[in-house]
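Trainee: Just dropping this structure here.
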Amino acid sequence: MTPAPKLLVLDCDGVLIDSEIISARMLVAELANFGVSIDLGYVAQRFLGRSYPTVLAEIRRDFGIDLPPAFEDQYRERLLDAFRRELQVMPGVPQVLDALAIPFCVATSSSPRRAEFSLQQVGLWDRLRNLTFTASEVARGKPALDLFLHAASRMGVPPRDCLVIEDSLTGIRAARAAGMAVWRFTGGSHMRGDTPPEPDDARPDLHFADFADFFRLAPELLAPELRRAT
């Protein structure tokens with residue numbers, strides 16, 4: 269029998285918050301202003317789970333365009349405005365965090381400012397402010413293993429005892445490289461419809477689409493007092 273995990277490591281965008289569809293639509297619209305034509309499928313396949321500097325580098329390479337220096341700041345500000353209007357917590361997430369029997373943390377490719385802003389918008393920041401680790405803290409972002417190893421180290425748990433929840437192939441690759449078990453969450457708005465196929469190096473241990481199913485899939489992670497009450 270596989271030992272129960274001792275730490276739950278959650279991605280932020282597309283797992284804790286339903287943000288990826290907002291970010292993708294905004295990026296498509298902003299790039300169109302500079303003659304770069306991409307669609308949501310392209311964003312999902314190439315950019316999902318990656319840091320903003322990596323996305324810009326790929327755009328420069330693929331389309332031979334140097335975006336103006338102000339593009340990044342303007343994009344970020346417009347995205348945060350969209351988050352103020354539209355961002356929602358993923359259904360069931362607060363209830364899972366309340367009921368977990370093990371510690372949890374967040375490992376995200378978002379910038380520290382965006383992670384804090386996003387989690388504040390959905391009411392999660394107070395409980396996650398000291399448990400959120402971003403790509404800015406490591407040399408290499410996902411799909412490299414650095415961020416997940418950093419999160420595990422900061423939480424004092426060996427990688428083999430961690431369970432990662434990810435939505436992107438990039439994140440799954442990073443978790444696999446770190447030697448961690450990984451489940452793929454497919455319930456975000458950006459995952460509706462066609463999703464990229466999972467290559468061998470990005471296959472999760474399990475798929476789930478609703479956090480309401482989390483403790484049915486992992487009953488050992490439910491707090492003992494709640495187990496006794498059910």
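Numbering (the numbering used here), first residue to last: 269 to 498.
Glycine included, each C-beta is placed from N, C-alpha and C at the ideal position.
The structure presented is a predicted model; accordingly, all values stated were derived computationally and were not measured.
Which one or two residues does DSSP pair with residue 401 in a beta bridge?
Mentor: 375
Trainee: Roughly how many whole angstroms lie between the Cα atoms of residue 376 and residue 495?
Mentor: Going from the Cα of residue 376 to the Cα of residue 495 covers about 30 Å.
Trainee: Out of 351, 272, 345 and 288, which one is the CA nearest neighbour of residue 313?
Mentor: Taking the Cα of residue 313 as reference, the smallest distance to any Cα among 351, 272, 345 and 288 is reached at 288.
Trainee: Pull up the distance between the alpha-carbon of residue 372 and that of residue 277, whole angstroms please.
Mentor: 6 Å
Trainee: DSSP beta-bridge partners for residue 285?
Mentor: 281 and 357
Trainee: Classify residue 419: buried if its beta carbon has 16 or more other beta carbons within 10 angstroms, exposed otherwise.
Mentor: buried
Trainee: Name the one or two DSSP bridge partners that residue 449 has.
Mentor: Residue 449 pairs with 431.
Trainee: What are the boundary residues of the alpha helix (DSSP H) that includes residue 418?
Mentor: Residue range 414–423 is occupied by the alpha helix (DSSP H) that includes residue 418.
Trainee: Starting from residue 474, trace the beta strand (DSSP E) in both directions and tell me its first and last residue.
Mentor: 474–476
Trainee: Between 365, 457, 382 and 364, which lies nearest to residue 346 when the distance is taken from Cα to Cα?
Mentor: Closest by alpha carbon: 382.
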